[in-house]
């Protein structure tokens, strides 16, 4: 939820005089109540008095909560009011140095039943046992974000099971903890989780068999390890983010191979993967041309407009085919690409990019660029 400047001024005035607010009149104005609650939750370390008002504003109809600014050092009894959030679908707990897996358990045991999205990014003390708790208490979870949780090892992925009796769920961390297979999880963000060894990340399919989106950037994943990761991804995968990793030809070849055999990628992010060459990316585009809709390669300064050379119109194809044996796309309708992010790709000069106007898919692709002055330029060639 975003508040405009006028709303912030008005709500801050209400908060400053909150003792005079008649909360009974807010029952019939859920929009205003949600905005006041949202503003209260942005206060860092609120007093116990403000916590009392937060509790009064939360109801059965509350669907989203960001508790990142609350003092989690409070005892679990302070958060018993969450038990009334029967419709909560999004819970955010980020940037908390004191948040542990056991503290997460106290939250998901209260509100996990209907959660669709859980954000636990930048919580440095969270370990593998958090998957043990989430898999049991959040059966409907679809999106899990755990960016920069550097204490996660991922060994629990290989101990995923289809059933997990309640007697197994324990507050005592154990290296032999199991997790329940999360069949409903569609998106998993493990960006920056550098402590996960490659041998554990290969077990994603056993823990998240229906995963559609996976992000694993900033983890120093090698070209060889990324090749094995791509080979073991679940067949349902549609979006993959491996940015800021030293991957190159082997990984791209495996993406093309698996895209033809098992899955159909729609979105691929390879930002700042500076070992990738224009030839490797061209071959990848040829293999994924009829499925890939979004390609993001910002910061790949060694890539230039030559990746477009094989995206030609049928007339150009016939003329060029007589001169060499290169493979070309048959027609512009075969190309699924809709968005191309080439921010900070310095080889894409305006002169070279102008060639894009002549290719077969020019009417459907949006090119996103940042220029040298760090301002954003949105180019649509039609």
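In the numbering used here, the protein residues as written are 156 to 537.
Even for Gly, the Cβ is constructed at its ideal location relative to N, Cα and C.
Asked	Found
Could you spell out the range, first to last residue, of the beta strand (DSSP E) harbouring residue 439?	No beta strand (DSSP E) contains residue 439, which is instead part of the alpha helix (DSSP H) from 433-443.
Does DSSP put residue 161 in a helix, a strand or coil?	helix
Answer yes or no: do residue 454 and residue 499 have a C-beta to C-beta separation smaller than 8 Å?	yes
Using only alpha-carbon positions, find the residue among 282, 406, 411, 300 that is nearest to residue 431.	406
Looking at the strands, I want to know which residues DSSP matches up with residue 369.	343, 395
Would you list the one or two residues that DSSP bridges to residue 191?	Answer is none; residue 191 lacks a bridge partner.
Using the C-alpha atoms, what's the distance from residue 281 back to residue 396?	23 Å
What is the DSSP secondary structure of residue 338, reduced to helix, strand or coil?	coil
Applying the 10 Å Cβ sphere with the 16-neighbour rule, what's the burial state of residue 164?	exposed
Taking all protein chains shown into account, do 16 or more other C-beta atoms lie within 10 angstroms of the C-beta of residue 161, making it buried, or fewer, making it exposed?	exposed
Given a cut-off of 8 Å, decide if residue 370 and residue 345 are closer than it, judged by their beta-carbon atoms.	yes
When you compare each of 373, 388, 172 to residue 355 by their alpha carbons, which one comes out closest?	388
Could you check the C-alpha separation between residue 491 and residue 278 for me, to the nearest Å?	38 Å
Could you tell me whether the segment 264-272 touches the segment 301-319, using the rule of 3 or more Cβ pairs below 8 Å?	no
Quick check on residue 274: does DSSP put it in helix, strand or coil?	strand
Helix, strand or coil for residue 522, going by three-state DSSP, please let me know.	strand
Tell me which same chain residues have a C-beta within less than 6 Å of the C-beta of residue 171, skipping the five on either side of it?	none
Below 8 Å on the Cβ atoms is my guess for residue 227 versus residue 254; work out the distance and round it to an integer in Å.	6 Å
Taking the C-alpha atoms as reference points, what is the distance between residue 318 and residue 297?	18 Å
So, with DSSP's three-state summary, where would you put residue 172?	coil
Identify whether residue 210 lies in helix, strand or coil by the three-state DSSP scheme.	helix
Alpha helix (DSSP H) containing residue 360: first to last residue?	359-362
What are the residues that DSSP puts in a beta bridge with residue 424?	396, 451
Whole-angstrom Cβ separation of residue 494 and residue 444, contact assumed at under 8 Å?	That belief does not hold up - the Cβ atoms of residue 494 and residue 444 are roughly 14 Å apart, past 8 Å.
Taking the C-alpha atoms as reference points, what is the distance between residue 299 and residue 247?	10 Å
Opposite residue 298 in the DSSP bridges: which residues?	272, 342
For residue 236, tell me which candidate among 176, 212, 351 has the shortest Cα-Cα distance.	212
How many angstroms separate the CA atom of residue 315 from the CA atom of residue 415?	28 Å
Quick check: the Cα distance between residue 173 and residue 382, rounded to an integer number of angstroms?	57 Å
For the alpha helix (DSSP H) containing residue 405, name the first residue and the last one.	404-416
Please state if the CB of residue 251 and the CB of residue 219 are separated by a distance shorter than 8 Å.	no
Quick one: is residue 208 buried, meaning 16 or more other Cβ sit within 10 Å of its Cβ, or exposed?	buried
Taking Cβ positions, are residue 305 and residue 349 nearer each other than 8 Å?	yes
Under the rule that 16 or more other beta-carbon atoms within 10 Å means buried, what is residue 199, buried or exposed?	exposed
Under the three-state reduction of DSSP, which class applies to residue 315: helix, strand or coil?	strand
For residue 409, which option in 373, 386, 419, 334 has the closest C-alpha, if you only look at C-alpha atoms?	386
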